[in-house]
Amino acid sequence: IKRLDDATVRRITAEQAISDLASIVKELIDNSLDAESTTIKIRLFGQGLDIIEVSDDGNGVPIDSRPYMATRHATSKIECIQDIYTGTGLTMGFRGEALFAMSCVSDSIVVASRTEDDDLATKLIFDNHKNKNSSSSSTRKVGTTVAVVKPFGNLPARRADITRRIRQERTKIFKLVESYGIFNVGVCFRLMDI
């Protein structure tokens with residue numbers, strides 16, 4: 144028996160958390176809902192194979208939390224296991240896995256976020272090893288935009304399988320967004336296939 148290296152462990156774990164295009168959309172919508180968004184825009188570029196982008200008008204990510212984005216087991220939603228059971232952790236997501244997993248299975252993730260306390264948004268780019276490649280100021284209203292660039296780009300077999308089944312993948316995404324719209328009264332969902 145041999146221990147797996149860290150890169151292999153990250154990749155295996157990420158593939159379990161993010162298995163298809165719809166799971167990317169789901170996790171990003173969950174983050175938007177947790178941020179108390181009233182408008183969530185989902186844009187699929189190249190049917191979602193080039194870029195999946197989710198933009199919201201939520202609270203934004205506080206500046207002191209931004210360095211921890213796309214870091215495994217880093218979350219703003221709970222502090223300890225009891226939070227899950229006491230109501231403090233009643234959020235859509237809490238494990239601190241989603242952005243990390245997306246950064247592992249995709250070419251990169253581009254995040255722009257602004258809170259009401261910020262003069263400008265911060266734009267961060269994470270590569271597929273969760274390394275922050277760059278950070279810069281950008282303009283946007285309060286909220287967050289996450290763009291997952293070339294989902295499964297570093298997993299050729301998974302990407303080929305998804306490409307073969309792209310019609311089913313898109314249908315799954317459309318139904319997912321529709322169900323979120325039905326169950327989240329007061330939140331406007333917009334899905335664009337560009």
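Residues in the sequence shown are numbered consecutively from 144, following this note's numbering.
The beta carbon of each residue, even a glycine, is placed where N, CA and C say it ideally should be.
Hey, could you find the ends of the alpha helix (DSSP H) Pro-299 is sitting in?
Element bounds for Pro-299: 299–307.
Tell me, please, which residues DSSP counts as bridged to Lys-266.
Ala-255, Ser-279, per the DSSP bridge assignment.
Where do the N-terminal and C-terminal ends of the alpha helix (DSSP H) with Asp-177 fall, by residue?
Its alpha helix (DSSP H) spans residues 164–177.
Neighbourhood of Pro-205 by C-beta, 7 Å cutoff - its chain only, sequence neighbours within 5 removed
Cβ within range, chain order: Thr-258.
DSSP-derived helix/strand/coil call for Gly-203:
Per DSSP, reduced to three states, the secondary structure at Gly-203 is coil, with no helix or strand assignment.
With 16 other Cβ atoms within 10 Å as the buried cut-off, status of Pro-294
Classified as buried, Pro-294 has 16 or more neighbouring CB atoms from the shown chains inside 10 Å of its CB.
Could you check the C-alpha separation between Ala-268 and Ser-251 for me, to the nearest Å?
According to the sequence shown, residue 268 is Ile rather than Ala. Roughly 7 Å between the two C-alpha positions.
Is the stretch 277–288 touching the stretch 310–317 in the sense that three or more CB pairs, one from each, lie closer than 8 Å?
Using a C-beta cut-off of 8 Å, the stretch 310–317 makes no contact with the stretch 277–288, since fewer than three inter-stretch Cβ pairs fall below that distance.
To the nearest angstrom, how far is the alpha carbon of Ser-180 from that of Phe-326?
Roughly 14 Å between the two C-alpha positions.
What three-state label does DSSP hand Val-291 in the structure shown?
DSSP places Val-291 in strand when its eight states are reduced to three.
Cα-Cα separation, Ala-264 to Ser-175
Distance from the CA of Ala-264 to the CA of Ser-175, rounded to the nearest whole angstrom, comes to 16 Å.
Contacting residues, own chain, Cβ-Cβ under 6 Å from Leu-171 (five flanking each side not counted)
Here the set comprises Val-197, Val-289.
In terms of DSSP beta bridges, what is Arg-367 paired with?
This structure cannot settle anything about residue 367, because the visible part of the chain is limited to 144 through 337.
Top-ranked residue by Cα proximity to Ser-249, from Arg-146, Lys-145, Gly-191, Thr-287
Measuring C-alpha to C-alpha distances from Ser-249 to each of Arg-146, Lys-145, Gly-191, Thr-287 identifies Gly-191 as the nearest.
Bridge-paired residues (DSSP) for Ser-249:
Pro-294, per the DSSP bridge assignment.
Under 9 Å between the Cβ atoms of Leu-164 and Ile-337?
In this structure, the beta-carbon distance from Leu-164 to Ile-337 does not fall below 9 Å.
Straight-line gap, Ala-160 to Thr-182 (C-alpha atoms, nearest Å)
Roughly 25 Å separates the two Cα atoms.
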